[in-house]
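Asker: Numbering (my numbering), first residue to last: 1 to 333. By construction, the Cβ of each residue, glycine as well, lies at the ideal position given by its N, Cα and C atoms. Have a look at this one before I ask anything.
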């Protein structure tokens, strides 16, 4: 009997699915326990066949709860998914770290999330996030910039990338979803996605989150599963940081720099190799390593013209040492 067809039957959750598959004759067990579903089995079998065919066309794998390749960490969830859709590969146990936060993040938080994810990826972690706007996007991009791996867990099907502007980025990543192909994003899907993020990750790091935030749902799931929760503190007066600050108040480990997270989680950071720089480039780069700044402030600190600083910033960007940030600011990568 096709396990995926059973999973598509209404009312057959993970527990019932495994009980039926464990029976000597699953079809007979279905008829005895859920006779009302037997007449819908042919329809479910046709759907399962079509779903596999479509997944193969998209180069996706369907992983069933009944299979050896299904992640052990997700099997331990109170309500695991009956099956998953995967593009690429999943992180090994203990390799994944989630970096999450608000969609409406402040410039400092976007920059910090990117640096944090880059440091984690350089140290060998797989950065997991939800492919959303804001902090999630920066987490994925930071890992990709480091040449590392990142996994996006979706609140929609893998053929319905959301938000659509993230499709080019998604093509460079591993992707995971529990939603059947063709399923679009819905508000009720995102808490389900968040439990998968928490289940896969050895730790969840919240960069910026207000009190009402999906990132806090992810953190709560992580705590319930006995995972580590870390948070980046923000100003007490910033509404966007109240959730992260509350996590720290409740015992989450505070992350003041990427090195804090690496040390706490036991990752060895890799020192960035700096290419040869001219004296002017070196002075500007060292200044930016102390914090983000506007070009006019950098020009004033260095005693240079704004045009000269812009020229140097362009050269440092090409060398991968500097990045332009929202609001016209620049920061060291």
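(1) DSSP three-state label for residue 227, please.
(2) On the three-state DSSP scale, how would you describe residue 9?
(3) Residue 286: buried (16+ other C-beta within 10 angstroms of its C-beta) or exposed?
(4) Can you tell me whether DSSP reads residue 260 as helix, strand or coil?
(5) Could you check which residue in 73, 326 and 113 has the C-alpha nearest to that of residue 95?
(6) Just to confirm, are residue 50 and residue 5 a CB contact at a threshold of 7 Å?
(7) Who are the near neighbours of residue 120 in its chain, counting only those whose CB is closer than 6 Å to its CB and skipping five residues on each side?
(8) For residue 262, I'd like the list of residues in its chain whose CB is within less than 8 Å of its CB, leaving aside the five on either flank, ordered along the chain.
(9) So for residue 329, helix, strand or coil by DSSP?
(10) Which same chain residues end up closer than 7 Å to residue 271 when comparing Cβ atoms and leaving out the 5 residues on each side of it in sequence?
(11) For the ligand ATP, I want to know if residue 222 counts as a neighbour, meaning its beta carbon is within less than 6 Å of at least one of the ligand's heavy atoms.
(12) Figure out for me which residue from 225, 228 and 248 has the closest Cα to the Cα of residue 236.
(13) Run the CB neighbour count on residue 202, radius 10 Å, all protein chains shown included, and call it buried at 16 or more, exposed below.
(14) Within its chain, find whatever has a CB closer than 7 Å to the CB of residue 242; leave out the 5 residues flanking it on each side and keep chain order.
(15) Since I believe residue 105 is in contact with residue 188 (beta carbons under 8 Å), could you give me their beta-carbon distance rounded to a whole number of angstroms?
(16) Run the CB neighbour count on residue 156, radius 10 Å, all protein chains shown included, and call it buried at 16 or more, exposed below.
(17) Between the Cα of residue 181 and those of 152, 53 and 100, spot the shortest distance and give me the residue it belongs to.
(18) So, for residue 61: in the same chain, excluding its five sequence neighbours on each side, which residues have a beta-carbon less than 6 Å away from its beta-carbon?
(19) Our contact map puts residue 275 next to residue 319 with C-beta atoms below 8 Å; I'd like the distance itself, whole angstroms only.
(20) Is residue 137 buried or exposed, if buried means 16 or more other CB atoms sit within 10 Å of its CB?
(21) Ends of the beta strand (DSSP E) at residue 193?
(22) Across the stretch 222-237 and the stretch 252-262, are there enough close Cβ pairs to call them in contact, namely three or more that are closer than 8 Å?
(23) Is it right to say residue 31 is buried, meaning 16 or more other beta carbons lie within 10 angstroms of its own, or is it exposed?
(24) Cβ of residue 111 within 7 Å of Cβ of residue 321?
(25) Classify residue 38 as buried or exposed, calling it buried when 16 or more other Cβ atoms lie within 10 Å of its own Cβ.
(26) What are the boundary residues of the alpha helix (DSSP H) that residue 117 is part of?
Answerer: Taking the definition as stated:
(1) Locating residue 227 in the chain shown gives position 227, counting from the first residue. Reduced to three states, the DSSP call for residue 227 is coil.
(2) The residue labelled residue 9 in the question sits at position 9 within the chain shown. Here residue 9 sits in coil by DSSP.
(3) To locate residue 286, count along the chain shown from 1; it is residue 286. So residue 286 ends up on the exposed side.
(4) In the chain shown, residue 260 corresponds to position 260, counting from 1. Helix at residue 260.
(5) Along the chain shown, one-based indexing puts residue 95 at 95. The option with the nearest alpha carbon to residue 95 is 73.
(6) Counting from 1 along the chain shown, the entry for residue 50 is found at position 50. Counting from 1 along the chain shown, the entry for residue 5 is found at position 5. Contact flag unset, no.
(7) Within the chain shown, residue 120 is the residue found at index 120, counting from 1. 97 and 127, listed in sequence order.
(8) Here residue 262 refers to the residue found at position 262 when the chain shown is read from its first residue. Result list for residue 262: 119, 120, 123, 268 and 269, in chain order.
(9) Position 329 of the chain shown, counted from the first residue, corresponds to residue 329. Three-state DSSP puts residue 329 in coil, outside helix and strand.
(10) Indexing the chain shown from 1 puts residue 271 at position 271. Unreliable positioning characterises residue 271 in this predicted model, as indicated by a pLDDT of 48, which lies under 50. A coordinate reading is not provided.
(11) Of ligands this structure carries none, so the ligand ATP is not represented either.
(12) The sequence position of residue 236 within the chain shown is 236, counting from 1. Looking at the Cα atoms, 248 is the closest of the given residues.
(13) Within the chain shown, residue 202 is the residue found at index 202, counting from 1. Result: buried.
(14) Locating residue 242 in the chain shown gives position 242, where the first residue counts as 1. Only 210 and 211 meet the Cβ criterion.
(15) The sequence position of residue 188 within the chain shown is 188, counting from 1. The sequence position of residue 105 within the chain shown is 105, counting from 1. Contact doesn't hold; Cβ gap of about 23 Å is too wide.
(16) By one-based count along the chain shown, residue 156 stands at place 156. Classification of residue 156: buried, given that the 10 Å Cβ count is 16 or more.
(17) Residue numbering aside, residue 181 sits at position 181 when the chain shown is read from its first letter. The candidate whose alpha carbon is nearest that of residue 181 is 53.
(18) Along the chain shown, read from residue 1 onward, the residue named residue 61 stands at position 61. Contacts found: 86.
(19) Residue mapping note: residue 275 aligns to position 275 of the chain shown, counting from 1. Residue mapping note: residue 319 aligns to position 319 of the chain shown, counting from 1. That belief holds up - the Cβ atoms of residue 275 and residue 319 are roughly 5 Å apart, short of 8 Å.
(20) Working through the chain shown from its first residue, we reach residue 137 at position 137. Result: buried.
(21) Walking along the chain shown from the start, residue 193 turns up at place 193. Careful: residue 193 lies outside any beta strand (DSSP E), inside the alpha helix (DSSP H) at 189-200.
(22) yes
(23) Taking the first residue of the chain shown as position 1, residue 31 is located at position 31. Looking at its Cβ environment, which holds fewer than 16 other Cβ atoms inside 10 Å, residue 31 is exposed.
(24) Counted from its first residue, the chain shown places residue 111 at position 111. Counted from its first residue, the chain shown places residue 321 at position 321. Cβ distance not < 7 Å, so residue 111 and residue 321 don't count as in contact.
(25) Residue mapping note: residue 38 aligns to position 38 of the chain shown, counting from 1. Under this definition residue 38 is an exposed residue.
(26) The residue you call residue 117 lines up with position 117 of the chain shown. Run containing residue 117: 107-122, per the alpha helix (DSSP H) assignment.
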